[in-house]
Every structure is written in structure tokens, then in C-alpha cells.
Amino acid sequence: MTRSIAGLSVGLTTGLALLALSSTSVLALEAAVAPSVSAATAIAAPPAAHITTPREAFGFDIGADYQLVNYTQWEAYLKTLASQSDRMKLVEIGKTSEGRTQYIAIVSTPENLAHLDRYREIARRLAKAEGVSEAEAHAMAAEGKAVVWIDGGLHATETVPPQALIATVYEWLTAQDPEALRVLNDTVILFAPLNPDGMELVSNWYMRNADPLKREFNSLPVLYQKYVGHDNNRDYYLSAMAETTNVNRQFFREWFPQIIYNHHQTAPAGTVVFMPPFRDPFNYNYDPLVMGTLSEVGAAMHSRLIEEGKPGSTMRSGANYSTWNNGMERSITYFHNAVGLLTEITGHPTPSQIGLIPDNQLPRNDLPMPIAPQPWHFAQSIEYSQSINRAVLNYASRNKDRLLFNIWRMGQNAIDKGNTDTWRITPTGVEALEAAAGENARRIDPALYDRILHAPERRDPRGYVIPADQADLPTAVAFLNSLIKTGVDVDRATRAFTVEGKTYPAGSYVVRTAQAYRPHVLDMFEPQDHPHDLQYPGGPPKLPYDATGYTLALQMGVKFDRILDGFQAPTERVSDVMAPPPGKIEGSGRAGWLIDHAPVNGYILSNRLLKAGVPVFWQEGETRAGRATLAPGALWIPADDKARPIVEAAVRDLGLNAYAAARAPGGDKIALKPVRIGLVDRYGGSMASGWTRWLLEQYEYPFQIVYPQRLDAGDLAKDFDVLVFASDMIPADLSDQRDQPAPDSIPAEYRPWLGTISADKTYPQIDAFVRGGGSVVTIGSSHRLAAALGAPVQDVLLGADGKPPASTDFFIPGALLRTEVDNRRPLAFGVTDRLDVFFNRNTGFRHAGEGASIVSYPEQVAVSSGWAIGPQKLSGADAVLDLPHGLGRVIVLGPDVVNRAQARASTRLLFNALFYGPAVSHEQ
Numbered sequence: 031m032t033r034s035i036a037g038l039s040v041g042l043t044t045g046l047a048l049l050a051l052s053s054t055s056v057l058a059l060e061a062a063v064a065p066s067v068s069a070a071t072a073i074a075a076p077p078a079a080h081i082t083t084p085r086e087a088f089g090f091d092i093g094a095d096y097q098l099v100n101y102t103q104w105e106a107y108l109k110t111l112a113s114q115s116d117r118m119k120l121v122e123i124g125k126t127s128e129g130r131t132q133y134i135a136i137v138s139t140p141e142n143l144a145h146l147d148r149y150r151e152i153a154r155r156l157a158k159a160e161g162v163s164e165a166e167a168h169a170m171a172a173e174g175k176a177v178v179w180i181d182g183g184l185h186a187t188e189t190v191p192p193q194a195l196i197a198t199v200y201e202w203l204t205a206q207d208p209e210a211l212r213v214l215n216d217t218v219i220l221f222a223p224l225n226p227d228g229m230e231l232v233s234n235w236y237m238r239n240a241d242p243l244k245r246e247f248n249s250l251p252v253l254y255q256k257y258v259g260h261d262n263n264r265d266y267y268l269s270a271m272a273e274t275t276n277v278n279r280q281f282f283r284e285w286f287p288q289i290i291y292n293h294h295q296t297a298p299a300g301t302v303v304f305m306p307p308f309r310d311p312f313n314y315n316y317d318p319l320v321m322g323t324l325s326e327v328g329a330a331m332h333s334r335l336i337e338e339g340k341p342g343s344t345m346r347s348g349a350n351y352s353t354w355n356n357g358m359e360r361s362i363t364y365f366h367n368a369v370g371l372l373t374e375i376t377g378h379p380t381p382s383q384i385g386l387i388p389d390n391q392l393p394r395n396d397l398p399m400p401i402a403p404q405p406w407h408f409a410q411s412i413e414y415s416q417s418i419n420r421a422v423l424n425y426a427s428r429n430k431d432r433l434l435f436n437i438w439r440m441g442q443n444a445i446d447k448g449n450t451d452t453w454r455i456t457p458t459g460v461e462a463l464e465a466a467a468g469e470n471a472r473r474i475d476p477a478l479y480d481r482i483l484h485a486p487e488r489r490d491p492r493g494y495v496i497p498a499d500q501a502d503l504p505t506a507v508a509f510l511n512s513l514i515k516t517g518v519d520v521d522r523a524t525r526a527f528t529v530e531g532k533t534y535p536a537g538s539y540v541v542r543t544a545q546a547y548r549p550h551v552l553d554m555f556e557p558q559d560h561p562h563d564l565q566y567p568g569g570p571p572k573l574p575y576d577a578t579g580y581t582l583a584l585q586m587g588v589k590f591d592r593i594l595d596g597f598q599a600p601t602e603r604v605s606d607v608m609a610p611p612p613g614k615i616e617g618s619g620r621a622g623w624l625i626d627h628a629p630v631n632g633y634i635l636s637n638r639l640l641k642a643g644v645p646v647f648w649q650e651g652e653t654r655a656g657r658a659t660l661a662p663g664a665l666w667i668p669a670d671d672k673a674r675p676i677v678e679a680a681v682r683d684l685g686l687n688a689y690a691a692a693r694a695p696g697g698d699k700i701a702l703k704p705v706r707i708g709l710v711d712r713y714g715g716s717m718a719s720g721w722t723r724w725l726l727e728q729y730e731y732p733f734q735i736v737y738p739q740r741l742d743a744g745d746l747a748k749d750f751d752v753l754v755f756a757s758d759m760i761p762a763d764l765s766d767q768r769d770q771p772a773p774d775s776i777p778a779e780y781r782p783w784l785g786t787i788s789a790d791k792t793y794p795q796i797d798a799f800v801r802g803g804g805s806v807v808t809i810g811s812s813h814r815l816a817a818a819l820g821a822p823v824q825d826v827l828l829g830a831d832g833k834p835p836a837s838t839d840f841f842i843p844g845a846l847l848r849t850e851v852d853n854r855r856p857l858a859f860g861v862t863d864r865l866d867v868f869f870n871r872n873t874g875f876r877h878a879g880e881g882a883s884i885v886s887y888p889e890q891v892a893v894s895s896g897w898a899i900g901p902q903k904l905s906g907a908d909a910v911l912d913l914p915h916g917l918g919r920v921i922v923l924g925p926d927v928v929n930r931a932q933a934r935a936s937t938r939l940l941f942n943a944l945f946y947g948p949a950v951s952h953e954q
């Protein structure tokens, strides 16, 4: 029988209080002498005023079957609680993508809340470490309070975390047991609803049916975050989404929590919850003390559940979660010296079942207390979540001084490493060591350690210089803004300076590694050297949790120099995210303006001009602009009264440089025209299309979302010039697509979105569109569409039997590969001749005829960042194709040139394609 949270509150609180006296983490032995609230203090605590219960607020207990609270209700309840409790302060932290207010509920004792500014300042100084001595760090750790972040709802269809958060906030505002009073005294708790928009969507969709047995949210019509859905937990180092930026500010610029707990679901089959610690691989950039502390907290979490008789928690090998990739909420914390926790729990407002997995009935280190198969209710998951929260908070209380001091220790370690010669040991170095040892692998000369692993050229950089005179400075600034959003210190040169014989202009940027967040700095600039991680020697690879190579500076095409020796530069600290430095207009001619094609912000200017009816041209060859020679693709904008203010605003606000020419340049030109873009999507939403949509909005492209029913209706040229298919829109098997609801089961407004792309209905209409002069752009694995239309696209990875190679022969699960670019061609205007592209189980193509190849893989395929098995199978293959098809064009962008909006360098290929196909068709 399901027991309500309210009915359990007295018994549960009493039980937890007894547990607090007898059993906390055995790893925290110093707890016996840790400061805590005395029993006398606890007894003397005044009775709290009445706090509205969840049942009083919502009409049901949190965890009741078939019931969900939406965000509108939760927001109102938060305001009610803030008005009633002296333990809580409600703080707005920003707006969501849909304009809702995002909050944190700060919970502690009234005395602590009265001194929040002081505790936040202590947390900041200890986290940043700079200028804090060890003695000062000990003193501040003793004075300060452990800051613990607990959230819920990032992935909105994972309904346990946001609902459990409601119950947890109420619990900590009303609890009077000794453990709770001690925790409140020792900590500042930040409770955070992470995805207000998604919570509103999912809860309303689930509750829309009056019949509880018909309630579900599998049939949602859109993603549960406006643009990127589940990928909102892959955005933390780029920090593109509004919600991510709000959270990162609290983590790394406002509150600097030592523990960040990110609740998720669902659990591995046959278990209740996955909890830390995690499996390898271990990222080589962060401080090992992070993982040591993470294991301590994980042990406390598992022990708590076992002590309370709550079986079914698993860890490490129980799931594939690792600590390698930096992009998730809990993982970015490791690169900032904080403990990031992830749990994945079972549960659903509709009663469910714990399944029977025979192997999971045997206790083992990674599943110490198995659970029998049984019916499962929502309230049980809520209770588990509250117990785990208690375990984390109790650990933070018992180890307050250690947590605060150790975040300083790790920050100071990072500063010290940035000020001296250091070497990270990674798989490539170990392979070099083994090669140097040769046949003596069992008796390696210890002198090889220094000679190989500590070779001077293998040193970690002391810093990075980003020159102000690079071709696309605005994108470099966008990259630096991502660093600033995640707490990295960025400096700007106040005058020209010279380092290692190279002179850099004033306005260049410097990112030093002698800072607390050095691990994050290295991870954003340096290639990821992922281990060769096989299931067994000679066997297939273990599937990584996410991308193995993602170096943001490379993806964004930022030009930077690695400085290996100590250096000085005249700099000032950049205080906040930056607009691009204003460009300038050179020359005094009145015929028009020439602008280099390299800056990605040039596409914004082009779209503004075309929207205003101003002609824009691409110069097909090199073009003189005063004393400079612009590469092929330079924008030519004839002067007129409408163009001038738009160009001047772009120079001022977008950081573009323009040359005012006295006469129109000679040479062949491509006339651009306003484009009507159809971005193809599906019912329920595509994350890849969502990222593309976000980019199109940022760069001011006009577009419409197109669903399969509209494609099937034909006459596409009436509405569109170009159709874009994101990387996940064309599956290998068209019959294997996401299930969709019956039309009469959803509101009428969403029914036109139903349908799937099919070979018999959709492909003929797309083929007719292209043959009639339209353009199709495929990204990543959607290249299959080009082949289906009859374009000469041949996958180099398919064998004679039409099957792909085994993973033991070829496997690239998200890595950066170096390509060669013919940037004299319009599709590659503005792109460098060597380009790092994101390859995620994509392919290469056999040569499709003269002039088709735009980008190709070199004969010796180079992995710029990440892990690859068998990359030489791509040797000499084409990566990007420009294929005439009737009167139109099929443009095949083989890699993922969007990749969660990170791949700005290769996104130029997409942006060029959007203009080029329609422009050429228009000329024809």
C-alpha cells in the first residue's frame, strides 16, 4: 500500500534522528569533533509557525499516485513558504527560455540567513583560492557554512526529482529533529527547480485527462526545453541556454557550492536508484581530491539507504555513467573542484513495477542490497529521494570544515600548478612510454619516466593568448564568454606585448592556468586524450557516456597560442561577459562596403540587409580592400541610404570590420537573395533540429518549422527555397521511428505535426522540389536522404554486403577530426583550410564526381581530440559534397556541423549552404 509523505513525516523524522546518532558515513571520522547544534539548543528551538503543507497547497500529498504539481503551482507554493518560514529566502536567478522566473530557495537557520553575504563571500574566497593563505583558509572554513545545492526537474519527464524537491523543501522548513537542526546550522542549502518550462509542460500534459488511468506524458508534442530537450544537460560548458547560464552563475560566480546534487531518473532495470561513485574513465584534468570526496559522499548515500532498509541502490558498473565529459551539470563541477552528484531513480506518477533481472538478485560491491521484483509507487521514490538528500546534507554537516578547506586546497593546487612546470599523464604518454621500453615492458628503466612523460614539449601550458587580430574575433569573444559564464578568469591586454618572441596587439586576451579553475581551462583548450577503453583485450569498445572529444576552442575555431613558460603581460580582468569589441570602417569611398567572410557574425549582417531589401553579393575571387587582400567570399554591399545604418550598426555592435570602397570591385559575384528556410522537425521534437533552430535564431535567419505532413503535401517551392534536415531526422530504417499518438488523443492544434518521413510519400515530393530548383541541406547522418534521392553519395564505411564495419574495426563515438577544405568554393567561403569537425558515428563519402568535394579527410586521418578506432577507413574520403540535382542542389554536410551549437567553425558550412543553393538556383 502506498503511504503518503504527510502520514510518514513523524515516523520518518524520528527514525532519521535516531540514525543520525548512530550512523553517518564511516569515512567522516572527524565528525565526532565537528561543531554541531547541542541537544540543549535543539530542545530550546522555538516551535515553528504553521507552514502550509503540500496537501493544503495542492489538495494531495506529494507522491500520490496519478498526481503531479505544475510549475505555476510550485512557484506559488514557494512564495507562500517564503512568507511563512524564517528558514527560507526565495531568490530569483533569471528567466527561462520561455520567460518564466527561475528561483533558488535558500534554506538554513534564521541566524545563518541573516549573514548570507558573509557565508557567500567565504565560499567565494575559498573556491577561488587566490590571495588566501592556508591559515586563512582554515579560519574561514571554521567560520563558514558548507554550501550544498540540491535540484530537480532538469529533464522534465523525469518526474520524481521535481516533485521530490517540493517535499524536501517542506521537510527542511519544518523538521525539528536533532540531525536536521545540526544540518541547518552547519549548511546553507540551495534548493533549485531547474526546468520551470518543462515542469509546466509535462505536468499539464499528464494531468489533462480527467481519467487517471489515461494520464501519460509519452505523447508530448514538443521537447521539454524550448530548444534542446534532454540536451539541456549537455550545455554546461558552452552555457548557451538561458537556464544553464542562470545555474552556472550560481555555481561559479555567486554561491560556489562545495556539493552539487543533480537528481535524475530512471534507474537501471531491476534496481531502484543508481548513485555514485561512477565507472572509469577518469578525466585527467581535475584534482584527484574531487573523486576521493565523491566516493565518500557516495558511500554515505548508499549506507543511508541500507540502514533504513531501502534496497536496490547500485553504483559504478551498475550503469554507464562516467566522469569524463565536461558538459553535464554534475560533471562540470569536477573541473571546478566541487563534488558533483548524479542519481538516477525509478518511479512514475502512474504505478510501475520493479522488474526481475536475475543477475541483479546477487549482492555485489556495486549492488550491495538487491531488491525483489515488486509493484512500485511514486511515493516510494519520493521517500528514497528524501533519504538520499538527508545523507548528502548530513555528510556536509559532519564534514563542513573539510569541504570548505578542501575546495581551497584544490584551488590552491591548481594555482600552484599553473605557476610551475607540470605534466598531465594521459594515455598517449603512457603509450609512448611503453613504446620506448620496447620488449622490456616488465622491467622498464625508471629514467624513462622523466625522459618520456616529463619531456619539455609535453608540459602543460602556463596560459593561452587569444590574439585580437584574428580573422573572427567575435567568435573568439563568444568562446571567452562561455569561459566567463563558468567562472574562469579572463584578462585583456591594455597594450601590445611580446611573449616568446611574438608580439600581440592591445585588446588580445589572456587566460592563465594559474587559477582555481585550471582543470576547466585545460579541458576547454587542450585535446581530450581518451583511453582505448575496450570491454576486454581485443574486444569491442565500451560505449562512452557521451562525446570523448569536445575541445571547445577547436570546435569554435578560436586562434590561440599555448604558452609553456612563465610570462608577463599588461592586462586587466574582464569583469563580465562581453560584447564583441567594435570594429572599424576603413577607407572613405562611397560606392559600398567590403567585409571579410570569415567572421560568423557576417551572416547576421547579411540577413539584416536582405530583410531590408538591400543587395548583398559574395565576391567569388580574392578582392583588394585598400592595402589588404580579402579571401574569396568577401561581402560586397553597394551603398544606399538603407544599407548605411545597418552596416554601421554591424561594425559597432557585431565587431565587423568594413572597407568603404570608392568603386565596386571587379570579378565574378554571387547575388544573395532572401531565403525561405524550412527546418524539418517531427512530432515530439528533435534535439538536433532544436539546436539548429537556436542557431538560426541567433544569426537571424528567417525559417519555418516543417513537419512530415507538409512535406508529403508537395508543392514545396511555394513556401521554401531550402529544406534543412538535422543530423537525427533520417534514420537508417524509416520504419523504425518514434511511436506517435492517435490524432484524436491530442489537442487539434498539434495534429498537423503528426506523421513520419517515408520513402513512398515524402521522398518523391522532396525530389520534385530539388529537381525544380530547390535546395536540400543534410547534416550528419541525414546524408541518407541524399542517397535516397539518387544523388551520387556512396558511404565509404559500407562493405560489399551493405553493412557497416564492426565496432572493433571502426568506432568514433564523438570526436574531433581534422579535415582539408577547398575554401575557394562558395560552400566553404570563410572557412580555414584546415578544419576540426565533430564526428559522431557519421561517415565519409567516395568521390562523387568533378567539383563535388568541398571538404575531405586527409590521407593520414588525424584525430584532433577524443577517441577513434580505425579512423584510417576515412582516408581520402569526402566529408562535404555539393551535388547538382536537376535545377537544384543537394548539399551533404557529413559531420555534425552544429553539434549542440558548439561547432561554430564548421557551422559556416551550414550558413553558406543556406544562401548558396538558393542563390545559384536563382541565377539559373
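Residue numbers for the sequence shown follow this note's numbering, so the first one is 31 and each next one is one higher. Every residue gets a Cβ at the ideal spot worked out from N, C-alpha and C, and that includes glycine. Just so we're clear, the structure is a prediction, and the values are computed from it rather than from any experiment.
Which residues in the same chain have their Cβ closer than 8 Å to the Cβ of residue i, if we skip the five residues on either side of it in sequence?
i	result
GLY803	ALA747, GLY916, LEU917, GLY918, SER951, GLN954
ILE73	Caution is warranted here: a pLDDT of 30 is assigned to ILE73, below 50, making its placement in the model unreliable, and no coordinate value can be reported.
ALA498	ALA523, TYR534, PRO535, ALA536, GLY537, SER538, TYR539, PRO611
Cβ atoms of residue j and residue i: under 8 Å apart, would you say?
i	j	result
PRO307	SER333	no
TYR547	VAL518	yes
TRP648	PRO695	no
GLY715	VAL252	yes
PRO843	ARG871	yes
ALA505	MET608	Looking at the sequence provided, one finds Thr at residue 505 rather than Ala. No, these two residues do not count as a Cβ contact at 8 Å.
HIS846	GLY579	Strictly speaking, residue 846 in this sequence is Leu, with His absent from that position. Yes, the Cβ-Cβ distance between LEU846 and GLY579 is below 8 Å.
VAL826	PHE859	no
Decide if residue i is buried, meaning its Cβ has at least 16 other Cβ atoms within 10 Å, or exposed.
i	result
ALA688	buried
LEU392	exposed
HIS80	exposed
ALA691	buried
ILE387	exposed
ASP553	buried
ALA756	buried
ASN239	exposed
TYR479	exposed
TYR364	buried
Nearest-angstrom Cα distance between residue i and residue j?
i	j	result
SER512	GLY385	43 Å
VAL705	HIS813	22 Å
ALA222	ALA135	6 Å
THR380	ASP95	6 Å
ASP231	THR301	It should be noted that the sequence gives Leu, not Asp, for residue 231. Approximately 28 Å between the Cα atoms of the pair.
GLN288	ALA153	8 Å
ALA205	GLN500	58 Å
VAL218	VAL162	22 Å
GLY569	PRO561	14 Å
ASN315	ASN443	12 Å
PRO574	MET717	20 Å
ASP852	VAL754	23 Å
PRO822	ALA762	18 Å
In chain order, what residues of the same chain have a beta carbon less than 6 Å from the beta carbon of residue i, not counting five sequence neighbours either side?
i	result
THR110	THR82
ASP265	MET271, THR274
PRO457	ASP559, PRO561
Report back the beta-carbon spacing between residue i and residue j to the nearest angstrom; my notes put them in contact at under 8 Å.
i	j	result
TRP354	GLN383	Not quite, the Cβ-Cβ distance comes to about 33 Å (not below 8 Å), so this is no contact.
Below 7 Å CB to CB, which residues in the same chain sit around residue i once its five sequence neighbours on both sides are set aside?
i	result
ASN248	none
VAL213	LEU423, ASN424, SER427
GLU201	GLN416
Would residue i pass as an interface residue toward chain B - the criterion being a Cβ-Cβ separation below 8 Å?
i	result
PRO645	Judged by its chain identifiers, the structure shown contains no chain B, having just a single protein chain.
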